[in-house]
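Trainee:
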Amino acid sequence: MKRTQELFENIDAYLKGDLKGEDLELFENALRSDVRLQEEVKKYELVKDALKDEDIIKFREKLRDIDHEIEQEKISATIPKKSFKQYYKIAAVFIAILGISSLLWLFNPLEKDLYAEYYVPYPISELTRSNEVTTIAELKEVSGYYKRKEYVKTIPILETLTLKYPKNDKLRLYLGNSYLNTNQEEKAIYLFENVLHNDTFRNDALWFLSLTYIKEDNKDKAIILLKDLASYENLYKKSAIDLLEDLQ
Numbered sequence: 001m002k003r004t005q006e007l008f009e010n011i012d013a014y015l016k017g018d019l020k021g022e023d024l025e026l027f028e029n030a031l032r033s034d035v036r037l038q039e040e041v042k043k044y045e046l047v048k049d050a051l052k053d054e055d056i057i058k059f060r061e062k063l064r065d066i067d068h069e070i071e072q073e074k075i076s077a078t079i080p081k082k083s084f085k086q087y088y089k090i091a092a093v094f095i096a097i098l099g100i101s102s103l104l105w106l107f108n109p110l111e112k113d114l115y116a117e118y119y120v121p122y123p124i125s126e127l128t129r130s131n132e133v134t135t136i137a138e139l140k141e142v143s144g145y146y147k148r149k150e151y152v153k154t155i156p157i158l159e160t161l162t163l164k165y166p167k168n169d170k171l172r173l174y175l176g177n178s179y180l181n182t183n184q185e186e187k188a189i190y191l192f193e194n195v196l197h198n199d200t201f202r203n204d205a206l207w208f209l210s211l212t213y214i215k216e217d218n219k220d221k222a223i224i225l226l227k228d229l230a231s232y233e234n235l236y237k238k239s240a241i242d243l244l245e246d247l248q
């Protein structure tokens with residue numbers, strides 16, 4: 001994903017609630033499937049929060065000035081040095097606002113753990129739409145724990161529900177994610193492998209299974225699964241391609 005002015009304008013409009021209609025739908029669809037976009041939104045929120053601090057309000061005007069200079073340089077630039085100057089100015093402002101350590105965290109993903117970079121929990125909204133789970137009290141309780149990332153509390157409830165509804169693979173995905181977040185990778189692998197037979201959730205299982213292997217530092221197995229995901233159209237195809245590039 002290329003960082004462009006249009007991208008940041010769309011992120012800003014989305015966070016402000018200014019995106020409407022088809023534009024909002026397209027952005028939300030992209031956000032659900034594109035891990036890199038999710039990261040960019042998080043980064044933008046961090047910078048935006050920093051800019052709200054009274055001690056750095058002055059930088060907001062400087063950012064506008066720099067943005068104007070960059071646009072002028074785009075028009076008149078004829079040699080590579082201009083481009084370097086452009087990025088140097090942007091980096092200088094970020095260093096002033098966030099500090100060197102934060103800047104390195106934001107713009108050096110190679111230093112970050114790939115599992116932490118790509119992992120996003122299976123969305124809880126999928127569970128609340130299940131037709132099989134009718135135990136409303138249990139459903140509300142486990143949904144609340146899951147949203148708050150209290151995975152230790154979700155596990156016993158989900159273990160009970162998966163026994164009660166053995167054909168519900170959504171529950172297995174949630175339980176697998178809960179195991180994954182409590183360092184019980186082998187249990188997570190077992191559950192994700194058992195979901196692979198279900199065509200509806202096979203892509204989900206492949207994605208989380210590959211991330212589990214990455215967390216276990218089993219690069220070879222992860223690559224095999226990711227190549228499978230990257231070979232046809234599905235929700236995780238782009239993320240699988242990006243992750244493969246990072247691994248290889």
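Mapping the sequence shown onto full-length UniProt numbering, position 216 (from 1) lands on 216, and the numbers just tick up by one.
Note that CB positions come from ideal geometry on N, CA and C, so glycine has one too.
(1) Judging by CA-CA distance, which residue of GLN5, VAL142 and LEU206 is the nearest neighbour of residue 313?
(2) Quick one: Cα of LYS112 to Cα of LYS221, how far?
(3) Could you work out which residue in VAL120, LEU211 and VAL142 is closest to LEU244 when comparing CA atoms only?
(4) Beta-carbon separation of TYR165 and THR154 under 8 Å?
(5) Where do the N-terminal and C-terminal ends of the alpha helix (DSSP H) with LYS153 fall, by residue?
(6) Just tell me which of GLU185, TYR44 and GLU22 has its CA closest to the CA of LEU15.
(7) Could you tell me the alpha carbon to alpha carbon distance between LEU235 and ASP199, rounded to whole angstroms?
(8) Tell me which residue opens and which closes the alpha helix (DSSP H) that PHE27 is part of.
(9) Could you check if THR162 is buried or exposed, using at least 16 other CB atoms within 10 Å of its CB as the buried criterion?
(10) Please state whether DSSP places LYS170 in a helix, a strand or coil.
(11) Report the rounded CA-to-CA distance for LYS238 versus LEU226, giving the unit in angstroms.
(12) What's the call for GLY17, buried or exposed, on a 16-neighbour Cβ count within 10 Å?
Mentor: A quick look at the data gives this:
(1) Since the displayed the chain opens at 1 and closes at 248, residue 313 lies outside it and no answer follows.
(2) No answer about LYS112 holds up, because its pLDDT of 45 lies below 50 and its placement is not dependable.
(3) LEU211
(4) no
(5) 151-164
(6) TYR44
(7) 13 Å
(8) 21-33
(9) buried
(10) Helix.
(11) If you take the alpha carbons of LYS238 and LEU226, they lie about 10 Å apart.
(12) exposed
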